[in-house]
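Asks:
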Amino acid sequence: MVATDQTVKYFPHVQDPSDLSPRAARTRAALLSAGFELLALKPIDAIPVDEVVAKAGVAKGSFFNHFADKHAFAAAIAAEVRLELEEQVTRANHDIVDPVERIANGMWISARFAIHNPKRTAVLLRGLGGVTERAHPLNKGVSNDFEAAGRRGLISPEARNTGVLYWLGLCQVLMASLLDAPDDGDAARVRVREMMTLGLTGLGVTPADAAKLSDQRWAA
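Residues in the sequence shown are numbered consecutively from 1179, following our numbering.
(1) Where do the N-terminal and C-terminal ends of the alpha helix (DSSP H) with PRO1335 fall, by residue?
(2) Roughly how many angstroms lie between the CA atoms of GLU1325 and GLY1382, to the nearest whole one?
(3) Leaving out five residues before and five after VAL1180 in sequence, what residues of the same chain have Cβ atoms less than 8 Å from its Cβ?
(4) So, helix, strand or coil for ILE1274, using DSSP?
(5) Out of PRO1221, ASP1323, LEU1198, which has the shortest C-alpha to C-alpha gap to LYS1297?
(6) Using the C-alpha atoms, what's the distance from LEU1346 back to ASP1323?
(7) Could you round the C-beta distance between ARG1280 and ASN1271 to whole angstroms and report it? I think they count as a contact, below 8 Å.
(8) Any heavy atom of the ligand NAP within a distance shorter than 8 Å of the CB on ASN1322?
(9) Let me check understanding here. Comparing Cα to Cα, which of ARG1304, ALA1237, ASP1273, LEU1332 lies closest to PRO1385?
(10) Keeping to the same chain, check which residues put their C-beta closer than 6 Å to that of SER1240; ignore five residues upstream and five downstream.
(11) Relative to the C-alpha of ARG1215, which residue among PRO1200, LYS1233, ALA1224, PRO1226 is closest?
(12) Less than 9 Å separating the beta-carbons of MET1373 and LEU1391?
(13) Restricting to Cα atoms, I'd like to know which of LEU1376, ARG1371, GLY1380, GLY1377 is closest to GLN1394.
(14) Go to ASN1322, then tell me how far its alpha helix (DSSP H) extends in each direction, as first and last residue.
(15) What is the rounded straight-line gap between the Cα of GLY1377 and the Cα of ARG1269?
(16) Using CA coordinates, which residue listed in PRO1200, LEU1217, SER1199 is at the minimum distance from THR1305?
(17) Within the same chain, show all residues whose beta-carbon is closer than 8 Å to that of ILE1225, passing over the 5 residues directly before and after it, in chain order.
(18) DSSP three-state label for THR1205, please.
(19) Do ALA1292 and MET1353 have their CB atoms nearer than 9 Å?
(20) To the nearest angstrom, how far is the alpha carbon of ARG1329 from that of LYS1318?
(21) Among ARG1201, ALA1337, ALA1300, GLY1380, which residue has its Cα nearest to the Cα of ASP1358?
Structure representation (structure tokens):
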């Protein structure tokens, strides 16, 4: 697992792999791969650097040649997963114009991702918790949808101001809950449907429209 051009685009502090020597690139890739496996099992604060380098099979000093600290390391790993998820949301919303439907799709795709990719979801939730600012490049899509919904009067004024933070929080909590109760089939789908309905009404969407959108995702 290595930093991609997309990662560098959204996270300028991440070193571009093309700037590394072949040996340094291999070291970085080994560290990221080891970190991914460890972060899927436990939070970054419970992972000593010694454990990372031992699993990667590299010298301890090489870790700090590539990452400022453990949290920057975790963020670099989780960024790849978040980009993967964002690409899935973008594809799902390709032909959808209604901004509220696009917002709802984001939660639905996130939930599906958690159900089908529990390991990657665990890495995402443990490593990228700080990417909640509306202005962050990774949140550009959802921010644009909230702006469009606000301009059309489809959500409340409060939701237009802080709805992105609210929605990202709901999505993260939902994904975490789906990891806690894996493979529970219909129960998971009901949870997603109810969470989406509650979340949409919290944004100021009418109960009828919220239920309709949730039912559409339920039938997908």
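Note that the Cβ used here is the ideal one computed from N, Cα and C, for glycine as well.
Replies: The relevant details are as follows:
(1) 1335-1358
(2) 14 Å
(3) Residue placement at VAL1180 is flagged as unreliable, the pLDDT there being 46, under the threshold of 50; a coordinate-derived value is accordingly withheld.
(4) coil
(5) PRO1221
(6) 13 Å
(7) 5 Å
(8) For the structure depicted, the ligand NAP is absent and the ligand set is empty, with no information on it obtainable.
(9) LEU1332
(10) THR1205
(11) A quick correction: the sequence has Glu, not Arg, at residue 1215. Checking every option, the nearest Cα to that of GLU1215 belongs to LYS1233.
(12) no
(13) ARG1371
(14) 1318-1329
(15) 22 Å
(16) Looking at the sequence shown, residue 1305 is not Thr but Gly. Nearest C-alpha to GLY1305: LEU1217.
(17) GLY1213, LEU1216, LEU1217, LYS1248
(18) helix
(19) yes
(20) 16 Å
(21) ALA1300
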